[in-house]
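**Q** Quick one: structure below, then a few questions.
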Amino acid sequence: MIYLISGLLIFSMGLFYLVHPAKSPDHLYSYSSNLATATTSGFYLAQRWCRNAFLVVGAAELLLGVAINYFHLNHFDGLWTLTVYAAVAIIFVHTEIKLRHYLMRIGQLPAAYQK
5 MIYLISGLLI FSMGLFYLVH PAKSPDHLYS YSSNLATATT SGFYLAQRWC RNAFLVVGAA
65 ELLLGVAINY FHLNHFDGLW TLTVYAAVAI IFVHTEIKLR HYLMRIGQLP AAYQK
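Taking our numbering, the leading residue of the sequence shown gets 5, the next gets one more, and so forth.
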């Protein structure tokens, strides 16, 4: 049940970003980080990558939730809760890694992130 609820929430956030994308970093619902606000093109790519990650992870969690309920594995709820946290973290780590590589490629990586 945990995966069904979290998968539905994550997938609906991805759909919301798909229908109503953020136009600037000052919106409440935009994906904004130090890397995302470094360049305008980086901001728009971060929105797209984050949206796609929300859709993929949300759909995967929904499918996993259906499988868990079908095979009656709900008694491992502690494990499922931990993996939900990991899945949400993967969304943001994935977006930041892609954004960092993009900014390095175009030579606009902020000084704080350079080695």
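We put the CB at the ideal spot given by N, CA and C, even for glycine.
1. Can F47 and A40 be called in contact, C-beta distance under 8 Å?
2. Given 8 Å as the limit, is there contact between the stretch 23 to 33 and the stretch 73 to 83, that is, 3 or more CB pairs closer than that?
3. Just to confirm before moving on: does the CB-CB distance between G11 and G69 stay below 8 Å?
4. Going by beta carbon distance, what residues of the same chain come within less than 6 Å of Y74, once the five residues before and after it are set aside?
5. Taking the C-alpha atoms as reference points, what is the distance between M17 and L66?
6. What distance in whole Å lies between the Cβ atoms of V88 and I6, which are believed to be in contact at a cut-off of 8 Å?
7. Spatial neighbours of N78 within its chain, please: C-beta separation below 7 Å, excluding the five flanking residues on both sides.
8. Consult DSSP for T43 and reduce its assignment to one of helix, strand or coil.
9. Rounded to whole angstroms, what's the CA-CA distance from R104 to L19? Just pull it up for me.
10. Along the chain, which unbroken stretches of the alpha helix (DSSP H) at least 4 residues long are found entirely within the stretch 42 to 117?
**A** Here's the rundown:
1. Yes, these two residues count as a Cβ contact at 8 Å.
2. Flag = no, the stretch 23 to 33 and the stretch 73 to 83 do not touch.
3. Between G11 and G69, the CB-CB gap stays under 8 Å.
4. Excluding positions up to five away in sequence, the list is empty.
5. Their Cα atoms are separated by approximately 13 Å.
6. Yes, I6 and V88 are in contact; Cβ-Cβ is about 6 Å, under 8 Å.
7. By the criterion of a C-beta distance shorter than 7 Å, N78 is surrounded in its chain by M5, I72, once the five residues flanking it on both sides are discounted.
8. DSSP places T43 in the coil class of the three-state scheme, outside both helix and strand.
9. One C-alpha to the other measures close to 25 Å.
10. Within the stretch 42 to 117, the complete alpha helix (DSSP H) segments at least 4 residues long are 44 to 74, 81 to 110, listed from N- to C-terminus.
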